[in-house]
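Asks: Structure provided below as structure tokens; questions to follow.
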Amino acid sequence: MSHDMPPRPATSHKSEALSGRCRVPGDKSISHRAFMLGGLAAGRTRITGLLEGEDVLRTGEAMKAMGARIERQGPAWIIHGTGNGCLLEPEGPLDFGNAGTGVRLTMGLAGTYDMTVRFTGDTSLSRRPMGRVLDPLRQMGVQVVDAREGDRLPVTLRGPAHAAPISYRVPMPSAQVKSAVLLAGLNVPGVTTVVEPVMTRDHTEKMLAGFGAALEVETDSDGVRHIRLEGQGRLEGRDIDVPGDPSSAAFPLVAALIVPGSDIVIENVLMNPTRTGLILTLQEMGADIEPLDRRSAGGETVADLRVRASPLKGVTVPARRAPFMIDEYPVLAVAASFAEGETLMEGLEELRVKESDRLAAVAAGLKANGVDCTEGRDFLAVRGRPEGKGLGGGTVATHLDHRIAMSFLVMGLAAERPVTVDDETMIATSFPEFMALMQGLGARIETAQTA
Numbered sequence: 039m040s041h042d043m044p045p046r047p048a049t050s051h052k053s054e055a056l057s058g059r060c061r062v063p064g065d066k067s068i069s070h071r072a073f074m075l076g077g078l079a080a081g082r083t084r085i086t087g088l089l090e091g092e093d094v095l096r097t098g099e100a101m102k103a104m105g106a107r108i109e110r111q112g113p114a115w116i117i118h119g120t121g122n123g124c125l126l127e128p129e130g131p132l133d134f135g136n137a138g139t140g141v142r143l144t145m146g147l148a149g150t151y152d153m154t155v156r157f158t159g160d161t162s163l164s165r166r167p168m169g170r171v172l173d174p175l176r177q178m179g180v181q182v183v184d185a186r187e188g189d190r191l192p193v194t195l196r197g198p199a200h201a202a203p204i205s206y207r208v209p210m211p212s213a214q215v216k217s218a219v220l221l222a223g224l225n226v227p228g229v230t231t232v233v234e235p236v237m238t239r240d241h242t243e244k245m246l247a248g249f250g251a252a253l254e255v256e257t258d259s260d261g262v263r264h265i266r267l268e269g270q271g272r273l274e275g276r277d278i279d280v281p282g283d284p285s286s287a288a289f290p291l292v293a294a295l296i297v298p299g300s301d302i303v304i305e306n307v308l309m310n311p312t313r314t315g316l317i318l319t320l321q322e323m324g325a326d327i328e329p330l331d332r333r334s335a336g337g338e339t340v341a342d343l344r345v346r347a348s349p350l351k352g353v354t355v356p357a358r359r360a361p362f363m364i365d366e367y368p369v370l371a372v373a374a375s376f377a378e379g380e381t382l383m384e385g386l387e388e389l390r391v392k393e394s395d396r397l398a399a400v401a402a403g404l405k406a407n408g409v410d411c412t413e414g415r416d417f418l419a420v421r422g423r424p425e426g427k428g429l430g431g432g433t434v435a436t437h438l439d440h441r442i443a444m445s446f447l448v449m450g451l452a453a454e455r456p457v458t459v460d461d462e463t464m465i466a467t468s469f470p471e472f473m474a475l476m477q478g479l480g481a482r483i484e485t486a487q488t489a
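The numbering used here numbers the first residue of the sequence shown as 39 and each following residue consecutively.
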């Protein structure tokens with residue numbers, strides 16, 4: 039699927055109570071990293087539960103272009119990696135489609151090699167800034183041979199003959215920047231250090247250690263994390279079972295909370311503390327979310343989530359929580375639209391540089407469907423209408439953003455009038471099973487082909 043293909047609208051309608059059990063796709067962050075580290079490690083890596091969305095598969099294709107052997111065998115993906123330090127120069131550009139995580143992390147992984155690599159993407163990805171990753175890579179000796187204005191794609195990198203380790207203080211809470219620097223450090227002699235004032239999702243640290251990297255994490259008295267990686271070590275292939283993506287689970291979860299009478303179970307959801315900000319916030323709003331059967335899978339905690347329809351009340355979501363739920367604010371805004379009182383979400387500047395200006399897109403979609411909200415530079419205030427009275431009836435501009443599309447399709451399931459999104463094709467980048475899964479729970483969602 040191309041993100042430059044003709045749009046296909048979809049409409050959601052007020053639904054009866056949702057019920058049943060479902061399992062969301064594997065976690066997107068872990069899936070990207072599994073392909074990358076499996077493709078780099080010596081020996082065999084076996085991955086089950088991989089998210090087979092377009093974004094992740096683009097990362098797999100990039101690793102194949104640099105020498106990894108990757109194939110699907112039944113429910114598993116088998117990778118024979120190149121060995122750390124042994125990536126090959128790709129014969130052509132690496133096309134990442136709409137995969138922001140994939141392109142930024144691969145820039146780090148491949149940038150410190152003595153080779154030239156060109157990175158491209160679709161229209162949406164080509165609007166997103168890459169400077170936050172390129173700046174530390176430049177400090178390591180990587181040359182940005184070619185880039186569009188503002189360090190945007192297409193970008194061509196030329197790695198140095200001998201890259202230099204750095205100590206880099208991440209200027210904003212960003213797991214992608216942290217991860218890109220650590221991955222770059224794998225091919226650099228000496229110790230590469232990332233200083234992280236605000237903790238972000240820690241999958242890269244956990245997975246690097248799991249593959250055998252010499253890595254240590256120290257938190258100082260001020261709560262600042264210092265992550266040190268010794269480069270040019272040996273990575274060994276391993277088995278990985280990818281847990282369910284909490285960012286994908288957010289959509290059926292919020293739908294069940296706002297559609298009266300709903301009672302569902304979402305199975306095998308990742309419960310890493312750096313990823314559960316949305317669940318914590320919704321529980322503060324009064325949501326009935328019960329984790330069942332907490333267990334360990336591949337070094338991560340997972341659980342089944344029982345979710346029952348709940349009356350919600352507005353809360354203030356502090357800025358410090360943003361790194362732990364940055365992708366979930368669009369669907370949180372939808373939940374807030376059905377809550378009593380005002381929900382204030384602070385510290386949202388990072389939403390301005392996602393697949394779209396996600397903050398502006400959410401506010402516009404809310405207003406198009408009768409929601410009283412205020413958009414600030416780095417905040418969003420939503421004043422809800424319990425039971426969805428007067429909500430809906432609008433068409434939402436998705437701006438090629440999968441999370442905008444899914445969030446507003448959830449809104450239509452409880453709003454008084456239907457909600458239409460102008461395009462649902464890009465949902466396949468992160469959650470190709472979304473339509474079928476939601477319909478299986480009882481959601482009334484129709485695409486232009488089936489309406």
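The beta carbon of each residue, even a glycine, is placed where N, CA and C say it ideally should be.
Report the three-state DSSP secondary structure of Gly-25 (helix, strand or coil).
Replies: Any property of residue 25 remains undetermined from this structure, which presents the chain solely from 39 to 489.
Asks: Could you check where the beta strand (DSSP E) with Met-323 kicks off and where it finishes?
Replies: First-last for Met-323: undefined, no H or E at that position.
Asks: May I ask you to verify whether the stretch 432–441 touches the stretch 52–66, counting CB pairs closer than 8 Å and requiring at least 3?
Replies: no
Asks: Quick test of the definition: if touching needs 3 or more C-beta pairs under 8 Å, does the stretch 135–146 touch the stretch 356–375?
Replies: no
Asks: Does the stretch 459–470 come close enough to the stretch 81–101 to have 3 or more Cβ pairs within less than 8 Å?
Replies: yes
Asks: Do you know offhand how far Ile-85's Cα is from Thr-412's?
Replies: 44 Å
Asks: Evaluate Leu-126 with the Cβ neighbour count: other Cβ atoms within 10 Å of its Cβ, from every protein chain shown; 16 or more gives buried, anything less gives exposed.
Replies: With fewer than 16 Cβ atoms within 10 Å of its Cβ, Leu-126 is classed as exposed.
Asks: Run through DSSP, which three-state label would Glu-380 get?
Replies: Correct three-state label for Glu-380: strand.
Asks: Determine which residues share a DSSP beta bridge with Tyr-151 and list them.
Replies: Per DSSP, none; premise fails for Tyr-151.
Asks: Could you say which of Ile-108, Asp-461 and Val-420 lies nearest to Ala-377 if we only look at CA atoms?
Replies: Checked all of Ile-108, Asp-461 and Val-420; the closest Cα to Ala-377 is Val-420.
Asks: Using only alpha-carbon positions, find the residue among Ser-445, Val-409, Arg-415 and Asp-439 that is nearest to Gly-428.
Replies: Val-409
Asks: Val-141 to Val-155, Cα distance in whole Å?
Replies: 12 Å
Asks: DSSP on Thr-120, reduced to helix/strand/coil?
Replies: Thr-120 falls in the coil class under three-state DSSP.
Asks: Using CA atoms only, rank isn't needed, just tell me which of Pro-209, Arg-359 and Met-444 is closest to Phe-417.
Replies: Arg-359
Asks: To test your reading of the DSSP string, which unbroken alpha helix (DSSP H) runs of 4 or more residues are found completely within the stretch 426–462?
Replies: 440–449
Asks: Which stretch, first to last residue, makes up the alpha helix (DSSP H) that contains Ala-103?
Replies: 92–103
Asks: Rounded to the nearest angstrom, what separates Asp-277 and Glu-425 at their Cα positions?
Replies: 46 Å
Asks: Please report the Cβ distance between Ala-202 and Val-226, rounded to the nearest whole angstrom; I am assuming they are in contact, meaning their Cβ atoms lie under 8 Å.
Replies: 7 Å
Asks: Give a yes or no on contact between the stretch 254–262 and the stretch 439–458, applying the rule of three or more CB pairs nearer than 8 Å.
Replies: no
Asks: The alpha helix (DSSP H) that contains Ala-72, what's its start and end?
Replies: 66–78
Asks: In chain order, what residues of the same chain lie with their CB nearer than 6 Å to the CB of Met-104, ignoring the 5 residues before and after it?
Replies: So the list reads Leu-125, Leu-126 and Pro-128, once near-sequence residues are dropped.
Asks: Which value, in whole angstroms, describes the spacing of the CA atoms of Thr-488 and Arg-346?
Replies: Interpretation of Thr-488 is limited by its pLDDT of 49, a score under 50 that renders its predicted location unreliable; the figure taken from the coordinates is listed afterwards. Those two C-alpha atoms are separated by around 29 Å.
Asks: Please determine, among Ala-452, Leu-475, Gly-478 and Leu-438, the residue with the shortest C-alpha to C-alpha distance to Val-459.
Replies: Comparing Cα-Cα distances from Val-459 to each of Ala-452, Leu-475, Gly-478 and Leu-438, the minimum goes to Leu-438.
Asks: Take Met-74 and list the residues in its own chain whose beta-carbon comes closer than 8 Å to its own, dropping the five residues that flank it on each side.
Replies: Thr-97, Met-101, Leu-143, Thr-144, Leu-147 and Leu-221
Asks: In chain order, what residues of the same chain have a beta carbon less than 8 Å from the beta carbon of Pro-356, not counting five sequence neighbours either side?
Replies: Correct list, in chain order: Glu-384 and Gly-385.
Asks: Taking buried to mean at least 16 other C-beta atoms within 10 Å of its own C-beta, is Asp-183 buried or exposed?
Replies: This sequence places Val at residue 183; Asp is not what is there. Exposed, by the Cβ-count rule.
Asks: May I have a chain-ordered list of the beta strand (DSSP E) segments no shorter than 3 residues that lie completely inside the stretch 240–311?
Replies: 252–257, 263–268, 277–279 and 301–308
Asks: Asp-173 lies in the alpha helix (DSSP H); which residues open and close that run?
Replies: 169–177
Asks: Would you call Ala-72 buried or exposed, if buried means 16 or more other Cβ atoms sit within 10 Å of its Cβ?
Replies: buried
Asks: Considering Gly-58, what are the terminal residues of the beta strand (DSSP E) in which it resides?
Replies: 57–61
Asks: Taking only the alpha-carbon atoms, compute the straight-line gap between Glu-274 and Lys-216 and give it to the nearest angstrom.
Replies: 22 Å
Asks: I need the DSSP call for Thr-32, collapsed to helix, strand or coil.
Replies: No answer is possible for residue 32: the residues shown for the chain start at 39 and end at 489.
Asks: Alpha carbon to alpha carbon, how far is Lys-66 from Val-297? Give it in angstroms, no decimals.
Replies: Going from the Cα of Val-297 to the Cα of Lys-66 covers about 27 Å.
Asks: What are the start and end residues of the beta strand (DSSP E) that includes Ala-26?
Replies: The shown model of the chain, from 39 to 489, leaves out residue 26, and the question about it has no answer.
Asks: Ordered along the chain, which non-local residues of its own chain (more than five positions away) have a Cβ less than 6 Å from that of Ala-294?
Replies: Leu-56, Ser-300, Ile-302 and Val-345
Asks: DSSP state of Met-39, grouped into three classes?
Replies: At Met-39, the pLDDT of 42 sits below 50, so the modelled position is not reliable and the matter cannot be decided from this model.
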